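Residue numbers for the sequence shown follow the numbering used here, beginning at 1 and rising by one.
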Amino acid sequence: DLLDEAAGGVDTRFVGARQLFRSLKESFLTLPDHVQVYPAHGAGSACGKALGALPSTTVGYERLYAWWAPYLAADDEQGFIDELLDGQPDAHAYFGRMKRENRLGPAVMGERTPLAELTSEAVRAGLEGDTITLVDTRPVEEVHAGAVPGSLSIPAPDRAATYGGWAYDPEHDSRPLVLLAPDQETAQDIWDHLVRVGVDDVTGYVTSLDGLPLEKPATVSPADLEGMEHALLLDVRNKTEHSEGTIPGADQLSAGRVLWHTDRLPREGRIVTFCQSGVRNSVAASALRRAGFDVVELEGSYEGWLHQRSREKVAG
């Protein structure tokens with residue numbers, strides 16, 4: 001598995017890379033050039049680097065123009081392996097759970113009953129009894145204006161599957177989800193997305209935060225960041241983004257992995273989190289807060305910090 005860390009493997013990516021080289025050499029490139037090839041995966045995915053966007057191709061085209069073509073032509077297995085594994089994206093930790101479920105077979109849900117709208121009183125009782133998890137699907141800007149303490153920030157519906165997989169682990173959290181959504185159709189759509197990553201247990205939805213406790217998630221401006229020198233600065237972007245530039249002194253742990261690596265984070269003291277623009281940061285920060293960490297989000301994230309540096313240079 002090229003993303004062996006998520007699947008719980010140890011260095012299986014090297015075995016997989018060698019198998020892929022032999023498969024290309026001994027099977028794929030023995031086919032006639034006119035053979036049509038169709039993709040088995042969508043482009044632009046976190047499941048691998050530089051996944052192509054061509055709707056179809058041919059063996060001949062790939063033989064001439066694929067990134068791996070020079071390595072196969074030179075029979076350079078090690079060069080192929082190095083290029084293939086360099087810069088692979090951080091594997092989201094929930095991939096490991098999905099692989100296990102796909103191998104064993106996921107739970108059969110059968111005909112799902114449409115989600116019911118819950119009253120604020122019922123949601124409040126569930127929150128006070130810690131028997132539910134509220135999922136706030138509003139844009140980050142609205143969440144920062146006021147959110148229910150302990151709720152998960154999962155902007156929806158377009159990225160609900162990905163962000164839901166980052167922020168909620170059904171293998172370690174048995175509390176069902178309640179969605180904050182504007183209407184039943186939207187709530188149902190979000191649930192459909194969550195089911196795709198094995199997050200099945202959604203018990204209902206609520207359309208308003210009226211009657212629920214609210215607080216503003218803690219944030220800090222880039223200008224005031226220097227005053228938090230004792231806090232852990234955590235970059236929740238991918239390793240490749242982090243390596244291309246980050247805030248000095250920041251540790252890196254991607255948003256799709258923070259919930260599974262809390263042992264790397266301090267239980268005492270504050271954590272200041274940031275991503276590129278703030279969306280992934282909101283997801284990761286909400287998951288960490290629910291796990292008991294003291295988290296402060298950097299306003300504007302890395303882009304905000306860069307803008308502040310530019311202003312300081314101009315002023316200086």
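Cβ atoms here follow ideal geometry from the backbone N, Cα and C, with glycine treated the same way.
None of these values were measured; they are calculated from a predicted model.
Please classify residue i: is it buried, with 16 or more other beta-carbons within 10 angstroms of its beta-carbon, or exposed?
i: Val-283; result: buried
i: Pro-157; result: buried
i: Ser-151; result: buried
i: Glu-317; result: Absent from the structure is residue 317, since the part of the chain shown begins at 1 and ends at 316.
i: Ser-254; result: buried
i: Tyr-317; result: Nothing about residue 317 can be reported from this structure: the residues present for the chain run from 1 to 316 only.
i: Val-199; result: buried
i: Ala-287; result: buried
i: Asp-75; result: exposed
i: Leu-54; result: exposed
Among the options, which residue has its Cα nearest to the Cα of residue i?
i: Asp-235; options: Gly-249, Ala-223, Gly-227, Asp-224; result: Gly-249
i: Tyr-38; options: Gly-52, Glu-26, Leu-29; result: Gly-52
i: His-230; options: Leu-214, Ala-287, Asp-294; result: Asp-294
i: Phe-14; options: Tyr-302, Asp-75, Asp-82, Val-197; result: Asp-82
i: Asn-281; options: Gln-88, Pro-217, Ser-243; result: Pro-217
i: Leu-355; options: Gln-88, Arg-175, Ala-116, Tyr-168; result: Since the displayed the chain opens at 1 and closes at 316, residue 355 lies outside it and no answer follows.
i: Phe-21; options: Leu-54, Tyr-71, Ala-181; result: Tyr-71
i: Met-109; options: Val-195, Met-228, His-41; result: Val-195
i: Thr-219; options: Ile-154, Val-140, Trp-67, Ala-91; result: Val-140
i: Leu-180; options: Asp-173, Val-202, Pro-170; result: Val-202
i: Leu-209; options: Thr-119, Thr-12, Glu-62; result: Thr-119
i: Asn-238; options: Gln-88, Ala-73, Gly-16; result: Gln-88
i: Ala-107; options: Arg-270, Glu-244, Val-197, Trp-305; result: Val-197
i: Gly-129; options: Leu-265, Glu-185, Gly-16, Pro-176; result: Pro-176
DSSP on residue i, reduced to helix/strand/coil?
i: Leu-20; result: helix
i: Tyr-205; result: strand
i: Thr-368; result: Here the chain has residues from 1 to 316 only, and residue 368 is not among them.
i: Asp-75; result: coil
i: Ala-181; result: coil
i: Val-314; result: helix
i: Ser-174; result: coil
i: Thr-119; result: coil
i: Val-10; result: Confidence at Val-10 is low in this model, with a pLDDT of 47, below 50, so the placement of that residue should be treated as unreliable; the coordinate-derived value is given next. Three-state DSSP puts Val-10 in coil, outside helix and strand.
i: Asp-251; result: strand
i: Glu-215; result: strand
i: Ala-107; result: coil
i: Ser-27; result: coil
i: Arg-270; result: strand
i: Gln-308; result: helix
i: Val-283; result: helix
i: Val-220; result: strand
Under DSSP, the beta strand (DSSP E) around residue i begins and ends at which residues?
i: Glu-297; result: 294 to 298
i: Val-135; result: 133 to 136
i: Thr-162; result: It is not in any beta strand (DSSP E) - Thr-162 instead sits in the alpha helix (DSSP H) that spans 160 to 167.
i: Thr-240; result: That residue, Thr-240, is in no beta strand (DSSP E); its alpha helix (DSSP H) goes 239 to 244.
i: Leu-234; result: 232 to 235
Examine chain B for any beta-carbon lying closer than 8 Å to the beta-carbon of residue i, and answer yes or no.
i: Arg-311; result: Although the question refers to chain B, the structure presented lacks it and comprises just one protein chain.
I need the boundaries of the alpha helix (DSSP H) containing residue i, first residue and last residue.
i: Thr-186; result: 184 to 195
i: Leu-265; result: Element bounds for Leu-265: n/a, residue is neither H nor E.
i: His-144; result: 140 to 145
Practice task
Output the residue ranges of the alpha helix (DSSP H) runs that lie fully inside the region 78 to 105 and measure 4 residues or longer, sorted by chain position.
Solution key: Annotation: the region 78 to 105 contains the following complete segments of the alpha helix (DSSP H) (minimum length 4 residues), in chain order: 94 to 104.
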